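Undergrad: Take a look at the following structure, please.
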Amino acid sequence: MKAARSETKPRAAVRRFRVRLPNILGVIGGVIVTTLIVVAIFAPWLAPYDPKERVARPFLPPGEGHVLGTNDVGQDLLSELIVGTRVSLMVGIVAATVALIIGAAIGVLAGYYPKRLGSVLMRGVDVVLILPFLPLLIVLAAYLGRSLLNTIVVIGVLIWAEPARIIRSQVLSLRSRQYVLAARSMGASDRWTIFRHVIPRTALLATGSFVRAISGAILLEASLSFLGLGDPIQKSWGSTLFWAQTRGAFLTPAWQWWVLPPGLLIMAASLGFALIAFALEERIDPRL
Amino acid sequence: MRTRFLVTRGALLLAALLFIGACGGDDEPEPEAPAEQATTTAPTTTAATANEMMDVPDEPDTPTTTQAPTTTAAAPPAEPVRIRAAVTGDEGTLNPYTYISGFPGWNLLMLQYDSLTQVDADGVPQPWLASEVTTNADLTEYTVALVEGVTWHDGQPLTAHDVKFTADYFINNAAASRFARDLAGVTEVVVVDDLTATFVLEATNPGFNLVALADVPIIPQHIWESVTDPEGHQFEGGTNIGSGPFRMTDYDEGQAYRFAANPDYFRGPPGVDELVVVVFADDAGAQAAIRTGEVDVIFERIPPEQIDLLDAQDPLDVLLGPEFTTQMINYDASIRPFDDVAVRKAIDLAMNRQDIVDTVFLGAATVGSPGWIHPGHSSYNPAIVPVHDPAAANALLDEAGYLDTDGNGVREYDGGQPMSFEIITNAPDSLRLRIAELTVEMLSEIGIQTSVSSVETATWENAVWPGFDVSQGRNYNIAMWGWSAPVQANPLRLPSLIQSTGFLNLTGFANAEIDELSDRLAVETDAAEREAILGRMQEIIADQLPFVLLAYPDGAYVYDSDVYSDWEFIAGQGIVSKLSLLPPSARP
Amino acid sequence: MTRKFDRRRLAQYGVVVLVAVTLNFLLPRLMPGNPLALIAGVDVGLLTTEQRAEIIADTGLDNPLWRQYVDYWGAIFTGDFGFSYRSGRPIVEMIRDRLPWTLLITGSSLAISALAGVVIGAFSAWRRGRPEDLGLLTGMISLESLPSFWLGMLLISLFSVQWGILPSFGAVTPASDLVGWEHLKDIIGHAVLPVATLTILSTPGVYLTMRYSMLETLGEDYIRTARAKGAGGRRVLFGHVARNAIAPVITVLAIRLGFAFGGTVIVEQVFSYPGLGRLVFEAVSGRDYPVMQAAFLVFTAAVLIANLVADLLYPWVDPRTRTS
């Protein structure tokens, strides 16, 4: 499921070729993401009903009072999606943060000390990438218990390897720059060099991979729900799809109001963040 | 068209009424074509002997003929009937040692093999390979007289030696065979002559007829006597030789099974010439395939919301009936506060079973009896009815001293601990998950706070039933649980659920009277007395609540009526059996 | 690069293999629950303590963990992974049955998405900043954001249920006795939807890689000069640049092919496709330890080999790294 994204993908956008394209896409992405975040923040006021309340007959098609109809126990689907925005975005953002923290720490260390520590750490990354992910998930869930927080941790743990690789290669190239070499030859401590020279120059790249990780995490949350390994009780886009799937909505006319909207929302959110990431990456030349 | 299945036995009256009420509620009464209904209505042969015929408005006048004029006209009898059935999950090589699930694995196994007796549409064992079963007075000897002229698929005769061999083989190769458990207590099988054998038991066993004779497949001595490793043995061509109406001709692991009819079957040739069983990854796939016409029947219960939708599509029909599977709340009755019967009673009173049936099952379930046994079951004690009364539950808890002293809406127990618990359930079962959610709502009305934790199935089983061994204890407070139909179909299994030493007693329940009644039930030779004991046990269960039974989901099976429509619904157990595939005249 | 480096690199791979194999062994055993239900069948609750012990002993599960671990290594070297708890079949046989199906759908989808991704990516880069680039880029990023099960189910719903033009499940029509050309047609028909799903999801990755790489190549001085002069005709130049830009794409594809052996659990699940992914999912749900171990091993080995090949291949296909 988690295919290795290439570490060889050239991130270098050539500055001279820069036109308005990234900006346009970045703006589109920004608008999508801002809208979703606003919806998430004001969800309880925007939602016409409490999505946990059974307010009408189950399996109602769209009609008066219920724009998207009701789900299998009579909860309002529109409200479910609006409130689900919160959980989905939160899972995405927090999981990506977890991934970024682990990934950045390992990436910086592995890049700064490429010999011993670096190769040990990167082999660790290799191992994580090839671990069978289903049992890993079940084992983690078993020892952490099942909750939203743990879903987040699990996703974070699964997706940190890619940011680690990207950041490492950036640090690796920074390491041989004049100012870093100069700082080190003047006896600056590694710690000082890392915080003063390396981390600031990695930040933008890290932001790009962070935003990309968010869209990955949102998708992963939905897939986990589909396999019954998420938390179907939490209202999220993924869990709405889980219920649509287990209650047969894909094969009935209900797919138009029960399946399509959450899928499109997942796509929109993922797209929004990916576009921002794209715009950021276009601005970065790793050979700063 | 909606095909309504009605069990015409008087005992099933209540279940049937509930069921009809439930499904009549949401759709307008559409006129139904009597001729077509007749094709799928259970033959009423046993109804004649049943105490009363009931008159239910929706019930079609059932002609005893089960042939629909429309279908017979379209399909001349010479044309071979080929059915493609969907199951979810592979069932191994389907011999008595390798089949996997109790349903539909055992049911598919028994298409190839026969048992000495065979349950009929009412779930009552009838003569089958054995034309007669006689017992001695204290029920320690069961003598079976075999039907003459039965042959195995390879043409060899089936004799009393095979019967003895079967029992000996299962007992000697006990580890991985459930049939060894059925036969526990058999000291020996005596071959009287070629067609007569006597099972000699250690002790009185009134349930032997249903537990063993109707369950154990008779296997051929000439094939199995050389098999030393029954689980790993690779049979020639991968096929299994039995005496049943079908023989497996092909098995493609994870994809499909293929069965050919046995034209020399001792009850007459089957009504279906070829059966292909297709293995799906999940039920959504199976439901898509029956819509597209890629399969003709689903050998699994379809979920409630699909019943009307699939039924509305031509030529699909849905066969409905009561089933003995259960949805229930388990709690660890050996720990605080669930060791207090007042708490258990309050939980029982708080549950609005009708709401669960209507909301989660859209009416396609029977309201759970607090006494465990299905209202449609012959051993049901009609004095026991569920009560929904949150006010009484609150009063009960107040009286027992579980008060909400800090005013946060949650009661406390044992010096201030909040009555706040986790309900554990298994995620793939979405209906059970919804029941859990409703349970949270209902318990909050009586000041018990709960949250649902849905986990993967093996994790859930391991918490509720660690190592599948009750002596290893329990790792849960409250859990949603359910037993498969066979656990209830045979009421003599009841003690195992509630006896303090019962091997299915997952809630740590203990009650002296139950233990005593259980011991008596096991050795009681008088059928009426056994029923009386069962009646009393249900009263105790409803009063002491070792668990809270919420609902019995109804069986609903979808099939293509253009392909085949003689399906037989065995009360409580569904349509997947050899009865469905034999011509009605050959059924018991 | 020195030979010494290669040897160290190899040693590192060795360590990764060791750790991965060990984890493949440990993970199944760390999962809660046990395979008893799978081995003993439905009436597992009726087992007596002795019977329970006998079953456990039969499978070697009562051996100390280190002993089981040693046996696992033995299995790896002899290639005999024993029998599945579920089906009782030899595991090697099961994997041999399943692997071709997985390779069929993942292989064809990789091939298609490689072709489509490279062509569209090169085109997009060539037209950088124009509306068509913008459209393709947004479109591709959107496709990458689709949940795979959602896409698969919708395809079934449309192509199989609504229009009835493609089969909805499986790899072949069960028990159809088709032979020759008809059989092949049947296999292709069944593969269309899973392959389409996988292709739609994997093309954007190739596309983005190709686009980036192409842009980078286009930025090189000699190309810019040549382009400005209109040297060699646009068509020739386009071909030349695309050839130079393709190296990272090949690496990406090599790595993806490695992952392809692990099957695609979700797509195989949605289409009831009899591949390795579904086998693993079933094994995990039932705690079929031997099947899990063997399947994970195939998975690990494929990924490692793919990585190794990608490592070795890279200097060959990309002239720039050879000098750096």
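Residue numbers (numbering that gives the first Met the number 0), protein chains in the order written: chain A, 0 to 287; chain B, 0 to 587; chain C, 0 to 323.
Glycine included, every Cβ here is placed at the ideal spot set by N, Cα and C.
Since the structure is predicted, the reported quantities are computational estimates derived from the model, not experimental observations.
Using a C-beta to C-beta distance shorter than 7 Å, which residues of chain A count as neighbours of TRP162 of chain C?
TA: In the third sequence, residue 162 of chain C corresponds to position 163, counting from 1. Ordered by position in chain A, no residue passes the 7 Å Cβ test against TRP162 of chain C, which lies about 14 Å from the chain.
Undergrad: Between the Cα of TYR12 of chain C and those of A:TYR48, A:LEU99, A:THR34 and A:ASP125, spot the shortest distance and give me the residue it belongs to.
TA: In the third sequence, counting from the first residue as 1, residue 12 of chain C sits at position 13. Among A:TYR48, A:LEU99, A:THR34 and A:ASP125, the Cα nearest to that of TYR12 of chain C belongs to A:ASP125.
Undergrad: Am I right that ILE328 of chain B and PHE420 of chain B are in contact with their C-beta atoms under 8 Å? What's the rounded C-beta distance?
TA: Here residue 328 of chain B is taken as the residue at index 329 of the second sequence, counted from 1. Here residue 420 of chain B is taken as the residue at index 421 of the second sequence, counted from 1. In fact, because the Cβ distance is near 11 Å, the residues do not count as touching under 8 Å.
Undergrad: Using the rule of at least 16 other Cβ atoms within 10 Å of the residue's Cβ for burial, across every protein chain shown, is GLY573 of chain B buried or exposed?
TA: Counted from its first residue, the second sequence places residue 573 of chain B at position 574. The residue in question, GLY573 of chain B, is buried, as its Cβ has 16 or more Cβ neighbours within 10 Å.
Undergrad: Is the region 63 to 72 of chain C touching the region 263 to 280 of chain C in the sense that three or more CB pairs, one from each, lie closer than 8 Å?
TA: Too few Cβ pairs lie closer than 8 Å, so no.
Undergrad: Kindly list, in the order they appear in chain B, the residues whose Cβ is closer than 8 Å to that of MET209 of chain C.
TA: Against the third sequence, residue 209 of chain C aligns to sequence position 210. In chain order: nothing, as chain B lies at least about 34 Å away.
Undergrad: Taking 7 Å as the limit between beta carbons, can you name the residues of its chain near ALA656 of chain B, skipping five residues before and five after?
TA: Residue coverage of chain B in this structure runs from 0 to 587, which leaves residue 656 of chain B outside it and unanswerable.
Undergrad: Classify ASN306 of chain C: buried if its beta carbon has 16 or more other beta carbons within 10 angstroms, exposed otherwise.
TA: Residue 306 of chain C sits at position 307 when you count from the first residue of the third sequence. When all chains shown are included, ASN306 of chain C counts as buried.
Undergrad: At a cut of 8 Å, does the region 478 to 497 of chain B reach the region 515 to 533 of chain B through at least three beta carbon pairs?
TA: A contact exists between the region 478 to 497 of chain B and the region 515 to 533 of chain B.
Undergrad: State the Cα-Cα distance for the pair ALA55 of chain A and ASP75 of chain A, rounded to the nearest angstrom.
TA: Here residue 55 of chain A corresponds to residue number 56 of the first sequence, with the count starting at 1. Here residue 75 of chain A corresponds to residue number 76 of the first sequence, with the count starting at 1. Each residue's Cα considered, the two are about 8 Å apart.
Undergrad: Does the beta-carbon of THR71 of chain B have 16 or more other beta-carbons within 10 angstroms, so that it is buried, or is it exposed?
TA: The residue given as residue 71 of chain B occupies position 72 in the second sequence. Because the pLDDT at THR71 of chain B is just 41, under 50, the model does not fix this residue reliably, and the point stays unresolved.
Undergrad: Tell me whether LEU549 of chain B sits in a helix, a strand or coil according to DSSP, three-state version.
TA: In the second sequence, residue 549 of chain B corresponds to position 550, counting from 1. The answer is strand: DSSP assigns LEU549 of chain B an E or B state.
Undergrad: Quick one: does GLN353 of chain B have its CB under 7 Å from some CB of chain A?
TA: Counting from one through the second sequence, the residue named residue 353 of chain B turns up at place 354. So, not an interface residue.
Undergrad: Unbroken alpha helix (DSSP H) runs of length 4 or more, entirely within the region 211 to 282 of chain B: which are they?
TA: If we require 4 residues or more, the alpha helix (DSSP H) runs fully inside the region 211 to 282 of chain B come out as 220 to 223.
Undergrad: What does the Cβ neighbour count give for TYR256 of chain B, buried or exposed, with the cut at 16 atoms within 10 Å?
TA: Here residue 256 of chain B refers to the residue found at position 257 when the second sequence is read from its first residue. Buried: at least 16 other Cβ atoms inside 10 Å.
Undergrad: Put VAL210 of chain A into one of helix, strand or coil per three-state DSSP.
TA: Along the first sequence, read from residue 1 onward, the residue named residue 210 of chain A stands at position 211. Here VAL210 of chain A sits in helix by DSSP.
Undergrad: If I measure Cβ to Cβ from PHE178 of chain B and keep anything under 6 Å in the same chain, skipping five residues before and after, which residues do I get?
TA: Counted from its first residue, the second sequence places residue 178 of chain B at position 179. So the list reads PHE169 and VAL215, once near-sequence residues are dropped.
Undergrad: What is the rounded straight-line gap between the Cα of LEU135 of chain C and the Cα of ARG126 of chain C?
TA: The residue labelled residue 135 of chain C in the question sits at position 136 within the third sequence. The residue labelled residue 126 of chain C in the question sits at position 127 within the third sequence. Rounded to whole angstroms, LEU135 of chain C to ARG126 of chain C spans 10 Å at the Cα level.
Undergrad: Which residues in the same chain as MET209 of chain C place their Cβ atom closer than 7 Å to its Cβ, once the five residues preceding and following it in sequence are excluded?
TA: Numbered from 1 along the third sequence, position 210 holds the residue referred to as residue 209 of chain C. Closer than 7 Å at the Cβ level, and outside the excluded window around MET209 of chain C, lie GLY116, VAL117, GLY120, ALA121, ALA244 and VAL248.
Undergrad: Using 7 Å as the limit for Cβ to Cβ distance, is GLY20 of chain B near chain A?
TA: Within the second sequence, the letter at position 21 stands for residue 20 of chain B. With a pLDDT of 34 at GLY20 of chain B, under the threshold of 50, the modelled position of this residue cannot be trusted; read the value that follows with caution. No - not a single Cβ of chain A is within 7 Å of the one on GLY20 of chain B.
Undergrad: Of the choices B:SER584, B:VAL384, B:VAL356 and B:HIS376, whose alpha-carbon is the least far from that of SER368 of chain B?
TA: Position 369 of the second sequence holds residue 368 of chain B. Comparing Cα positions, the closest option is B:VAL384.
Undergrad: Give the interface partners of MET93 of chain C over in chain B, defined as CB-CB distance under 7 Å, in chain order.
TA: In the third sequence, the residue the question calls residue 93 of chain C occupies position 94. Those within 7 Å of MET93 of chain C in chain B are GLU252.
Undergrad: Counting only C-beta atoms, is PRO231 of chain A closer than 7 Å to chain C at any point?
TA: Residue mapping note: residue 231 of chain A aligns to position 232 of the first sequence, counting from 1. So, not an interface residue.
Undergrad: Based on Cα-Cα distance, which residue from A:PRO60, A:TRP242, A:VAL93 and A:LEU274 lies nearest to GLN255 of chain A?
TA: Along the first sequence, one-based indexing puts residue 255 of chain A at 256. It is A:PRO60 whose Cα lies nearest to the Cα of GLN255 of chain A.
Undergrad: Taking the beta strand (DSSP E) that GLY554 of chain B falls in, what are its first and last residues?
TA: Counting from 1 along the second sequence, the entry for residue 554 of chain B is found at position 555. Residues 554 to 559.
Undergrad: Hey, is VAL72 of chain A's beta-carbon within less than 7 Å of any beta-carbon in chain B?
TA: Translated into the one-based positions of the first sequence, residue 72 of chain A becomes position 73. Taking Cβ atoms only, chain B reaches closer than 7 Å to VAL72 of chain A, which makes this a yes.
Undergrad: Run through DSSP, which three-state label would VAL15 of chain C get?
TA: In the third sequence, residue 15 of chain C corresponds to position 16, counting from 1. Three-state DSSP puts VAL15 of chain C in a helix.
Undergrad: Check PHE82 of chain C in the structure and name its three-state DSSP category.
TA: Translated into positions along the third sequence, residue 82 of chain C becomes position 83. Correct three-state label for PHE82 of chain C: strand.
Undergrad: If we ignore side chains and look at the alpha-carbon of each, how far apart do TYR558 of chain B and SER579 of chain B end up?
TA: Indexing the second sequence from 1 puts residue 558 of chain B at position 559. Indexing the second sequence from 1 puts residue 579 of chain B at position 580. TYR558 of chain B and SER579 of chain B: Cα-Cα distance of roughly 12 Å.
Undergrad: Look at the alpha carbon of ALA120 of chain B and the alpha carbon of ALA160 of chain A, and state the distance between them as a whole number of angstroms.
TA: The sequence position of residue 120 of chain B within the second sequence is 121, counting from 1. The sequence position of residue 160 of chain A within the first sequence is 161, counting from 1. Computed Cα separation, rounded: 59 Å.
Undergrad: Counting only beta-carbon atoms, is THR365 of chain B nearer than 7 Å to chain A?
TA: Indexing the second sequence from 1 puts residue 365 of chain B at position 366. No, THR365 of chain B does not count as interfacial toward chain A.
Undergrad: Is SER100 of chain B helix, strand or coil by DSSP?
TA: Counting from 1 along the second sequence, the entry for residue 100 of chain B is found at position 101. The answer is coil: DSSP assigns SER100 of chain B none of H, G, I, E or B.
Undergrad: Name the residue from A:ILE27, A:LEU67 and A:VAL86 whose alpha carbon lies nearest to the alpha carbon of LEU77 of chain A.
TA: Mapped onto the first sequence, residue 77 of chain A falls at position 78. Comparing Cα-Cα distances from LEU77 of chain A to each of A:ILE27, A:LEU67 and A:VAL86, the minimum goes to A:LEU67.
Undergrad: What number of angstroms, rounded off, separates the C-alpha of ILE372 of chain B from the C-alpha of LEU209 of chain B?
TA: Stepping through the second sequence from its first residue, residue 372 of chain B is reached at position 373. Stepping through the second sequence from its first residue, residue 209 of chain B is reached at position 210. In a straight line, the C-alpha of ILE372 of chain B is about 17 Å away from that of LEU209 of chain B.
Undergrad: Would you mind sorting HIS221 of chain B into buried or exposed? The rule is 16 or more other CB atoms within 10 Å of its CB.
TA: For this step, residue 221 of chain B is matched to residue 222 along the second sequence. Counting Cβ neighbours within 10 Å, HIS221 of chain B comes out exposed, since fewer than 16 surround it.
Undergrad: By DSSP, does ILE423 of chain B sit in helix, in strand, or in coil?
TA: Numbered from its first residue, the second sequence carries residue 423 of chain B at position 424. Reduced to three states, the DSSP call for ILE423 of chain B is strand.
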